[in-house]
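Asks: Right, I'll just put the structure down here and ask away after.
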Amino acid sequence: MLTDSFGRLIVEVIAIFILIVFFDYTFGWLERKSIAKAQFRHGPTYVGKFGILQNLADIVKLLAKENIIPKNADKLVFSTVPLLLLALFIFLIYLLPFPDSLGIDISVGLLAIFVLLSFAPLLIFLTGAASGNKFSLISAQRSVIMSLAYEVPLILSVAAVALYAGSFNIADIVNSQAKIPFIVLMPIGFVVFFIAMLAELERPPFDLREADSELIAGWLVDVGAPYYAVALFVDYTRMFLGSLLISLLFLGGWLGPYLPGLIWLLIKAFVAAVVIVIMRATTVRMRLDRLMRFGWFWLLPLAVLNIILTFMLFVK
Amino acid sequence: MLTRINVGPIHPSTHGVLRLVVTLDGDTIVDVEPHIGFLHRGVEKLAENRMYMQSESYMEKIDYVAPMAYSDLYVAAVEEAMGIHPKERAKYVRLILLEFQRIASHLLWLGAFCNDLGQIFTMFMWTMKDRDLILNLLQDVTGSRMFYVNMRLGGVSIDLPPNFEEHANKLLDYLEKRFKDYETFLEKNPVFIERTKDVGILKREDAIALGVTGPVLRASGVNFDVRRDYAYYVYEKLHFIPQVQTKGDSFARYKVRMREMKESIKLIRDALKLMPEGDALGMPIKLISPPVKESEVIVRRELPRGEGMIFMVTDKQRPYRLAIRAPSFINLSALRYIAKGARYADLFSILGSLDLVMADVDR
Numbered sequence: 012m013l014t015d016s017f018g019r020l021i022v023e024v025i026a027i028f029i030l031i032v033f034f035d036y037t038f039g040w041l042e043r044k045s046i047a048k049a050q051f052r053h054g055p056t057y058v059g060k061f062g063i064l065q066n067l068a069d070i071v072k073l074l075a076k077e078n079i080i081p082k083n084a085d086k087l088v089f090s091t092v093p094l095l096l097l098a099l100f101i102f103l104i105y106l107l108p109f110p111d112s113l114g115i116d117i118s119v120g121l122l123a124i125f126v127l128l129s130f131a132p133l134l135i136f137l138t139g140a141a142s143g144n145k146f147s148l149i150s151a152q153r154s155v156i157m158s159l160a161y162e163v164p165l166i167l168s169v170a171a172v173a174l175y176a177g178s179f180n181i182a183d184i185v186n187s188q189a190k191i192p193f194i195v196l197m198p199i200g201f202v203v204f205f206i207a208m209l210a211e212l213e214r215p216p217f218d219l220r221e222a223d224s225e226l227i228a229g230w231l232v233d234v235g236a237p238y239y240a241v242a243l244f245v246d247y248t249r250m251f252l253g254s255l256l257i258s259l260l261f262l263g264g265w266l267g268p269y270l271p272g273l274i275w276l277l278i279k280a281f282v283a284a285v286v287i288v289i290m291r292a293t294t295v296r297m298r299l300d301r302l303m304r305f306g307w308f309w310l311l312p313l314a315v316l317n318i319i320l321t322f323m324l325f326v327k
Numbered sequence: 032m033l034t035r036i037n038v039g040p041i042h043p044s045t046h047g048v049l050r051l052v053v054t055l056d057g058d059t060i061v062d063v064e065p066h067i068g069f070l071h072r073g074v075e076k077l078a079e080n081r082m083y084m085q086s087e088s089y090m091e092k093i094d095y096v097a098p099m100a101y102s103d104l105y106v107a108a109v110e111e112a113m114g115i116h117p118k119e120r121a122k123y124v125r126l127i128l129l130e131f132q133r134i135a136s137h138l139l140w141l142g143a144f145c146n147d148l149g150q151i152f153t154m155f156m157w158t159m160k161d162r163d164l165i166l167n168l169l170q171d172v173t174g175s176r177m178f179y180v181n182m183r184l185g186g187v188s189i190d191l192p193p194n195f196e197e198h199a200n201k202l203l204d205y206l207e208k209r210f211k212d213y214e215t216f217l218e219k220n221p222v223f224i225e226r227t228k229d230v231g232i233l234k235r236e237d238a239i240a241l242g243v244t245g246p247v248l249r250a251s252g253v254n255f256d257v258r259r260d261y262a263y264y265v266y267e268k269l270h271f272i273p274q275v276q277t278k279g280d281s282f283a284r285y286k287v288r289m290r291e292m293k294e295s296i297k298l299i300r301d302a303l304k305l306m307p308e309g310d311a312l313g314m315p316i317k318l319i320s321p322p323v324k325e326s327e328v329i330v331r332r333e334l335p336r337g338e339g340m341i342f343m344v345t346d347k348q349r350p351y352r353l354a355i356r357a358p359s360f361i362n363l364s365a366l367r368y369i370a371k372g373a374r375y376a377d378l379f380s381i382l383g384s385l386d387l388v389m390a391d392v393d394r
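Chains A and B, in that order, are what the protein sequence lines are. Terminal number for the first sequence in the numbering used here: 327, no gaps in between. Terminal number for the second sequence in the numbering used here: 394, no gaps in between.
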């Protein structure tokens, strides 16, 4: 009995990890290709068919390079926290339910995810502050200040979802969207959630931490090549988490006709991811104080309005 | 607590080798100290050691984004010194090529500006594609894509090819459509508006006191354009209107450049219509140039980046002393005043809106 469940757990862990790697890799390629398309370029073409192996070549190159830790850096923090960040995001994906009872399905999944997710800006702050570079330090400060702007609206928009579904269990939330997905029922909530999620995922127009035209690479200025590979992995895993959350909470998750659930989930996640990439290609970056203003004067009232509307229309 | 950050000379947004020592109080800029001279090549001194027409190609390298404007400025100075007047058709040819060069320069600026605001090269690639078409057209005329060296005493080296008008009109129609797209794309984007409006305000009095010129000056509400106020070539015949904005912020500077490109399209169309037939070729470059008549000359031209001026003390075969007023250099000096009190993130949008070419600053 014990060995059975343990064996299943191992299989699930491996299966979900393969899923993460598959998404990260495909998304990395898709992002390069779609941004290239938006800019009248071809993107990667040489390595593999349609350049599909380009990212693999890049990862091999990055991992083969020497890892340099700057003299001013706090060595322990600087070399462990990026790995912790990666571990955090991978762990968060393990907390999500997948179709066919894959994944850990805990009863307070939604709460656990958003509580743990708020550690991410803190870990980014640690990396930036530990690297001993002033650009990284500014980026670290921005990371913390940004989280003040978007975290509250994010939680509130998720609260409306939990309110409607009457449960913190994500599988229950997905199943309560069987008739109509939440994006139709609470469009305001979706907009708030999507925008706050963009900030959480460090995607333009909210990529203030990585702001390449201002801070060179933000908290990643001083990381060596192997850690940069880790940071890329973090970025894409975070993207997977974000697009999974968007599709699970608002787009109906794995529910859909004809195709198996997992395929539907991946299709929805990829669609959300590509929309985010298109936004990346077109918008300019927001400023920190404007983001604060936007978060508190627009997102927060909208999130509250969304909760009130949800309560009055559906729950009461 | 004040923080001092060293931005550049290797930084993605300094447009070359500009070093800024920025003093920050939190996120607010207390002081910006530009350090220049990383690209100093001594063009003025080089010109003293060369025959008059040998220096033209050096002058083009001062501003590699709009090289033809500088070669025109230099050749105009030499022409003035020798008392040569350009031929009637050559005036039109020069005007058309220079206005195309202005559009090309402003297009590159537009792309780079959006880059500074945090876009990942999308606008840059779009405007570069349009700029490429203009470069192709200029290549058809001069045979070169980047450094044309097409100006000669009294005219141009190569006249416009026979099918130029047709190609140019087609290109202008295309560009007009593209500019409309760019305007919608940028001005309907609230984030772009937020990042540019009321950012980096340069007041009218300050702009005049600091001596800034070109689009930066006109964005501050000063109606001054060398093309109208000290008209050269055939600008007065073409009813040229300078584009002026009153606000003096980054958005006004963007708007002035956008409108200037449209004005250039109008100018080129008119010039193509009015252009007389005939000869536009100037004197070939010879070792011994015609005798110099003036001992001192001063010429001013409206370059894409502002007002360019050459002061030349002449000698028999080469300049005795040449001084160049580079518009980027003067415009950079305004940065310190504009950026004070702005947010750190706005430093680069302000810097970008000044349209600097570091080679032009350092000479």
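Yeah, the Cβ is synthetic: ideal placement off N, Cα and C, and Gly gets one too.
Between the region 197-208 of chain A and the region 306-316 of chain A, are three or more C-beta pairs nearer than 8 Å?
Replies: The region 197-208 of chain A is in contact with the region 306-316 of chain A.
Asks: Output needed for Leu-33/B: all residues of its chain with C-beta closer than 6 Å, excluding positions within five of it in sequence on either side, in chain order.
Replies: The residues are Thr-54 and Asp-56.
Asks: Is it true that the CB of Ile-134/B sits closer than 8 Å to the CB of Met-292/B?
Replies: Yes, the Cβ-Cβ distance between Met-292/B and Ile-134/B is below 8 Å.
Asks: Taking the alpha carbon of Arg-52/A as the reference point, which residue from Thr-244/B, Thr-153/B, Gly-149/B and Ser-251/B has its own alpha carbon closest?
Replies: The shortest Cα separation from Arg-52/A among Thr-244/B, Thr-153/B, Gly-149/B and Ser-251/B belongs to Thr-153/B.
Asks: Which word fits His-137/B, buried or exposed, when buried means at least 16 other C-beta atoms lie within 10 angstroms of its C-beta?
Replies: By the neighbour-count rule (16 or more Cβ atoms within 10 Å), His-137/B is buried.
Asks: With 8 Å as the C-beta to C-beta threshold (strictly closer), list the residues of the region 225-254 of chain A near chain B in chain order.
Replies: Correct list: Glu-225 and Ile-227.
Asks: DSSP on Asn-37/B, reduced to helix/strand/coil?
Replies: Asn-37/B: strand per DSSP, three-state reduction.
Asks: Sort out for me which residues DSSP pairs Phe-109/A with in a bridge.
Replies: Paired residue(s): Leu-113/A.
Asks: Please look up how many angstroms separate the CB atoms of Pro-93/A and Thr-138/A, rounded, as I've assumed it's under 8 Å.
Replies: With a Cβ gap of about 6 Å, Pro-93/A and Thr-138/A count as contacting.
Asks: Grab me the residues of Leu-202/B's own chain with a C-beta within less than 8 Å of its C-beta, minus the 5 sequence neighbours each way, in chain order.
Replies: Counting only Cβ-Cβ distances below 8 Å, and skipping sequence neighbours, we find Leu-164, Ile-165 and Leu-168.
Asks: Sorted by chain position, which residues of the same chain lie with C-beta nearer than 7 Å to Ser-329/A's C-beta, five sequence neighbours on each side aside?
Replies: This structure leaves residue 329/A out entirely; chain A is present only between 12 and 327.
Asks: Note down, in chain order, each residue of its chain lying with its Cβ closer than 8 Å to the Cβ of Arg-316/A, except the 5 sequence neighbours on either side.
Replies: Checking the displayed sequence, the identity of residue 316/A turns out to be Leu instead of Arg. Cβ within range, chain order: Ile-199.
Asks: Please classify Pro-315/B as buried or exposed, where buried requires at least 16 other C-beta atoms within 10 Å of its C-beta.
Replies: So Pro-315/B counts as exposed.
Asks: How would you call Asp-391/B, buried or exposed, if buried means at least 16 neighbouring beta carbons within 10 angstroms?
Replies: With 16 or more other Cβ atoms within 10 Å, it is buried.
Asks: Run down chain B in chain order and give the residues with a C-beta less than 8 Å from the C-beta of Leu-299/A.
Replies: What Leu-299/A touches in chain B: Asp-58, Arg-374 and Ala-376.
Asks: Buried or exposed, going by whether 16 or more other CB atoms sit within 10 Å of the CB of Glu-338/B?
Replies: Buried.
Asks: Beta carbon of Pro-108/A, beta carbon of Ala-182/A: below 8 Å?
Replies: Yes, the pair counts as a contact, with Cβ atoms nearer than the cut-off.
Asks: Phe-210/B versus chain A: which residues are under 7 Å apart at the beta carbon?
Replies: By Cβ distance, chain A contributes nothing, its closest Cβ being about 17 Å from Phe-210/B, past 7 Å.
Asks: Which residues bound the beta strand (DSSP E) around Val-53/B?
Replies: Unbroken beta strand (DSSP E) run through Val-53/B: 50-56.
Asks: Which term fits Met-177/B, buried or exposed, when burial requires 16 or more other beta carbons within 10 angstroms of its beta carbon?
Replies: Exposed is the call here.
Asks: What are the residues that DSSP puts in a beta bridge with Ile-341/B?
Replies: Answer is Val-330/B and Ile-355/B, bridged to Ile-341/B.
Asks: List the residues of chain A that Leu-148/B touches, going by C-beta distances under 8 Å, in chain order.
Replies: Here the neighbours are Ser-224, Val-295 and Arg-296.
Asks: Looking at C-alpha atoms only, which residue of Tyr-213/B, Tyr-368/B, Lys-347/B and Thr-173/B is the closest neighbour of Gly-142/B?
Replies: The shortest Cα separation from Gly-142/B among Tyr-213/B, Tyr-368/B, Lys-347/B and Thr-173/B belongs to Tyr-213/B.
Asks: Since Arg-290/B meets chain A, which of its residues come closer than 9 Å, beta carbon to beta carbon?
Replies: Under the 9 Å cutoff, chain A gives no residues; its nearest Cβ is about 21 Å from Arg-290/B.
Asks: Nearest CA to the CA of Lys-122/B: which residue from Val-328/B, Asp-346/B, Pro-307/B and Arg-356/B?
Replies: The candidate whose alpha carbon is nearest that of Lys-122/B is Pro-307/B.
Asks: Would you check if there are 3 or more beta carbon pairs closer than 8 Å linking the region 96-114 of chain B to the region 292-305 of chain A?
Replies: Result no; under three Cβ-Cβ pairs closer than 8 Å.
Asks: Spatial neighbours of Leu-167/A within its chain, please: CB distance less than 8 Å, with the 5 preceding and 5 following residues excluded, ordered by chain position.
Replies: Excluding residues within five positions, the ones whose Cβ falls inside 8 Å are Val-203, Leu-311, Ala-314, Val-315, Asn-317 and Ile-318.
Asks: With distances taken between CB atoms, is the gap from Val-172/A to Phe-146/A smaller than 8 Å?
Replies: Cβ distance not < 8 Å, so Val-172/A and Phe-146/A don't count as in contact.
Asks: Can you grab the Cα-Cα spacing for the pair Asn-181/B / Met-90/B, in whole Å?
Replies: If I take the Cα positions, the gap works out to 12 Å.
Asks: I need the DSSP call for Leu-312/B, collapsed to helix, strand or coil.
Replies: Residue state, collapsed to three classes: strand.
Asks: Can you list, in chain order, the residues of its chain whose CB lies under 8 Å from that of Gly-114/B, leaving out five sequence neighbours each side?
Replies: Lys-324 and Glu-325, listed in sequence order.
Asks: What separation, rounded to the nearest whole angstrom, lies between the Cα atoms of Val-155/A and Pro-65/B?
Replies: So the alpha carbons of these two residues sit roughly 30 Å apart.
Asks: Three-state secondary structure (DSSP) at Arg-288/B?
Replies: In the structure shown, Arg-288/B sits in a helix (DSSP, three-state: H, G or I).
Asks: What are the boundary residues of the beta strand (DSSP E) that His-71/B is part of?
Replies: His-71/B -> no beta strand (DSSP E), and no H or E assigned at all.
Asks: Where does Gly-263/A sit, in a helix, a strand or coil, going by DSSP?
Replies: If DSSP states are grouped into helix, strand and coil, Gly-263/A belongs with coil.
Asks: Distance check for Val-195/A and Tyr-57/A, CA to CA, integer angstroms please.
Replies: Distance between the alpha carbons of Tyr-57/A and Val-195/A: 43 Å.
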